[in-house]
Amino acid sequence: MNRLLASFALSALIATPAAAQEYPTKPITMLVPFAAGGPTDTVARITADAMTKSLGQQVLVENLPGAGGTIAAARAAEAEPDGYTILIHHIGMSTAPTLYRQLSFKPLEAFAPIGLVTEAPMTIVARPDFAASNLSELIQTIKADSEAITYANAGIGAASHLCGMLFMSTIGAQMTTVPYKGNGPIMTDLMGSQIDLTCDQATNTAGALKANQIKGYAVTAAERQKALPDLPTTAEAGLPNFELSVWHGLYAPAGTPDEVIKKLTESLQAAVRDENVHKRLDDIATLPVTEAQATPDALKERLGGEITRWKPIIEAAGQFAD
Ligand code: ASP
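Its first residue numbered 35, the sequence shown is counted upward by one per residue in my numbering.
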């Protein structure tokens with residue numbers, strides 16, 4: 035090879051490192067910031083299965099719950115930026131910077147976004163033997179003796195925490211809050227009547243609602259869900275302007291090579307196109323995003339917009355964590 039050719043070959047190699055070209059050559063870990071069996075875990079496992087098919091390498095789910103999802107996010111922010119550690123996280127990524135005074139990472143700087151994954155409404159649900167038969171009765175019961183009612187959430191910054199915080203400030207009553215590591219364990223305790231109430235993503239409640247294992251009061255969406263046709267919207271049930279949609283995004287640590295992010299984005303896009311993914315999510319009132327939303331730009335825009343949107347709401351509620 036003459037010198038000129040050799041230097042061309044060298045600069046091509048430098049532009050795209052061989053490791054990034056061949057990626058992935060071993061299993062990828064997808065960190066999940068909540069316990070197994072909950073909505074984030076469900077979305078993660080469905081997505082990881084589909085991505086395994088298109089990447090040709092196993093995408094393994096690892097649950098790392100705690101502190102409303104910030105423990106897993108901090109771990110992912112510090113991980114080697116080589117594409118072998120990625121993170122799925124929800125709306126909590128955008129509320130953490132305001133809720134947590136000592137957050138070790140800045141979401142918009144610490145991650146290379148891969149794309150949005152899903153959207154799902156929340157549902158206000160209770161143990162199966164809870165007496166109130168509709169949302170107005172539920173609100174009356176809470177107001178009569180709010181501290182006697184236990185409300186479960188998945189830690190500060192979890193969607194169940196946000197929904198509970200908004201619900202309590204809207205009705206002007208504080209229930210006794212019980213923190214868990216995720217809505218998987220909450221659902222077990224709710225079905226067993228060990229806890230009174232929670233607000234959880236339809237992803238996690240649809241199955242139990244259809245099987246009458248828990249009581250449902252409302253879905254926090256503008257319209258009823260096809261998978262849950264009998265569940266009224268919050269507005270129909272007497273709580274107007276109470277809508278909450280929980281979105282999930284997929285992230286890699288900042289500094290992950292562009293070539294690797296491109297492969298992960300393409301694989302995520304294949305997942306949101308996958309008919310099997312649609313079918314599994316349809317049954318649990320969860321919507322895969324469009325291919326155009328399963329992109330780094332769409333996630334970056336959503337994350338930035340939501341950080342700005344939640345800041346004043348959280349500051350008004352005045353609940354922070356260290
Ligand atoms: N996503 C749930 C929440 O935010 C937690 C979980 O996925 O287990 O409350």
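Ideal Cβ placement from N, Cα and C applies to all residues, glycine included. Predicted model only: the values in this text are computed from it and were never measured.
DSSP places GLY289 outside both helix and strand once states are collapsed to three, so it counts as coil.
Fewer than three beta-carbon pairs drawn from the segment 169-177 and the segment 119-136 are found closer than 8 Å, and the two stretches are therefore not classed as touching. If you ignore the 5 residues before and after ILE295, its C-beta comes within less than 7 Å of the C-beta of ALA146, ILE148, ALA286 and PRO330, all in its own chain and listed in chain order.
Residue environment: GLN259 is assigned as buried (16 or more neighbouring CB atoms within 10 Å of its CB, all protein chains considered). Taking 3 residues as the minimum length, the beta strand (DSSP E) runs contained wholly in the segment 136-167 are 145-160, in order along the chain.
Beta-bridge partners assigned by DSSP to HIS123: GLY283. For the ligand ASP, the residues with a Cβ under 5 Å from any of its heavy atoms are, in chain order, PHE68, GLY72, PRO73, THR74, ALA188, ALA192, ALA193, SER194, GLY216 and ASN217. Close CB contacts of ALA288 within its chain, under the 7 Å cut and outside five residues either way in sequence, are with PRO115, GLU143, ALA144, PHE145 and ALA146 (chain order). For ARG307, the closest alpha carbon among the candidates ALA111, GLN92, PRO346 and VAL323 is that of VAL323.
For MET156, the closest of ALA252, GLU309 and GLY339 by C-alpha to C-alpha distance is ALA252. DSSP places MET209 outside both helix and strand once states are collapsed to three, so it counts as coil. Cα atoms of GLY338 and ALA332: separation of roughly 10 Å, rounded to the nearest angstrom. Segment contact: the segment 204-213 against the segment 186-193, three or more CB-CB distances shorter than 8 Å; contact assigned. The three-state reading of DSSP puts ASN187 in strand, counting E and B together. The closest CA to that of THR152, considering only ALA326, ALA351, PRO266 and PHE354, is found on ALA326. Between VAL311 and GLN303, the alpha-carbon positions lie close to 11 Å from each other. The Cβ neighbour count for ASP163, taken over all protein chains shown within 10 Å, is under 16; the residue is labelled exposed. When the five nearest sequence neighbours on each side are left out, the beta carbons in the same chain lying within less than 8 Å of the beta carbon of ALA130 are those of GLY102, GLY103, THR104, ALA107, LEU137, PRO141 and GLY191, in order along the chain.
The DSSP-derived three-state label of LYS296 is helix. Under the criterion of beta carbons closer than 8 Å, ALA255 and GLU270 do not qualify as touching, at roughly 10 Å.
Here DSSP, grouped into helix, strand and coil, assigns LEU200 to helix.
In the structure shown, the three-state DSSP call for ASN217 is helix. Comparing alpha-carbon positions, the option among GLN247, PRO274, LEU315 and PRO61 lying closest to LEU89 turns out to be PRO61. Contact between MET64 and LEU98 does not hold, since the beta-carbon distance rounds to 11 Å and is not under 8 Å.
In the DSSP assignment, ALA236 falls within the alpha helix (DSSP H) that extends over 236-244. Ranked by Cα distance from PRO346, the first of LEU200, THR320, ALA305 and THR237 is LEU200. Bounds of the alpha helix (DSSP H) holding LEU169 are 169-178.
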